[in-house]
Amino acid sequence: ELGQSIDEIFVEFNDEALASASIGQVHEARLHSGEHVVVKVLHDDIEKTIAVDMDILAGLAQLADRVPEFRGYRPQVAVAEFRRAIERELDFRRELQNMEEFTRNFGDDPKIRIPRTYREFSSKRVLTMEFLEGIKISAPDKLDAAGYDREALARAGASIYLDMMFTQGLYHADPHPGNIIAVGDDVIGLLDYGMVGLMNEELQESIADMLMSMVGNEPEQLTAIITRLGTVPPDLDYGSLSLEVADFAGHYGSMPLAQFDLSGALSEMTEI
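Take the sequence shown: its letters are residues 1 to 272, numbered as in the numbering used here.
See the structure below:
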């Protein structure tokens, strides 16, 4: 893929994958110049597999669109959006550009580490980047043993994401625990930039208004924002929606954090 053998590019290259996911895997390596790196490569023939799977999904979505109960979920639109997202992930040149843009946006922020990229050793199917040493945030015992302040890490992570969404307008859209590591006392390392999201100024303001409505317990305002942001059916029962939103906001808005049921809240929000 890079026009050279592994030995010509790397002085060390571990054949055993460090990690493997749905579309690719990463290998630990070292460049001849001494830099410790990870090399992300697409699985063999993954493009063909995904193309077949997406055609199957598209067919199922067409069938689902004929079922009245499913029509409101817009199955064909959802599958088309998923196809666009996963096809973008299959081109590592996009991920490299995302990483470089995040580096420009957060280059002066001491709370975040973004792996350096190596364009000369990257392509559509291969991405070479700096190896970031750290502890996954899903391992609290290891964080405690290493002396990390978990509250400081949580505050740093929240600050970074709020900055992404409400200042930069470009955010990391795959924040599962495997992609977030602690690399310092209050420093977060973010991995995997294959999926990012964009928020224009109008959307930023609407979501800020939505949060303020939740905090201020203003269900009517919250309902108005939801219907403005989302795609609502022409026969929407606005009164019933308003009552559901008021009940949701009243129940979860005043709940102590220690008792907050995130899974339940997300499920109920989806049902509404």
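Backbone N, C-alpha and C define an ideal beta-carbon position, used for all residues, glycine too. Please read all numbers here as calculations on a predicted model, not as lab measurements.
Supposed contact pair residue j and residue i - C-beta distance, whole angstroms, cut 8 angstroms
i           : j           : result
residue 182 : residue 134 : 5 angstroms
residue 272 : residue 244 : 5 angstroms
residue 56  : residue 23  : Contact flag wrong, Cβ pair sits at about 17 angstroms.
For residue i, three-class secondary structure by DSSP
i           : result
residue 194 : coil
residue 131 : coil
residue 288 : The question about residue 288 has no answer, for the chain in this structure spans 1 to 272.
residue 2   : coil
residue 52  : helix
residue 171 : strand
residue 188 : strand
residue 182 : strand
residue 236 : coil
residue 77  : helix
residue 117 : strand
Reference residue i; option with closest CA among the options
i           : options              : result
residue 225 : 242, 137, 235 and 59 : 242
residue 31  : 47, 46, 68 and 14    : 14
residue 165 : 200, 175, 51 and 132 : 200
residue 113 : 34, 185 and 255      : 185
Cα-Cα separation between residue i and residue j, rounded to whole angstroms
i           : j           : result
residue 44  : residue 64  : 32 angstroms
residue 82  : residue 7   : 37 angstroms
residue 230 : residue 92  : 31 angstroms
residue 96  : residue 107 : 16 angstroms
residue 211 : residue 202 : 14 angstroms
residue 152 : residue 239 : 43 angstroms
Three or more C-beta pairs below 8 angstroms linking the stretch 95 to 108 and the stretch 185 to 198:
yes
Stretch pair the stretch 36 to 55 + the stretch 120 to 140: three plus CB contacts closer than 8 angstroms:
yes
Is the stretch 149 to 161 touching the stretch 215 to 224, taking contact as three or more C-beta pairs under 8 angstroms?
no
Does the contact criterion of 3 or more C-beta pairs under 8 angstroms hold for the stretch 75 to 92 versus the stretch 135 to 148?
no
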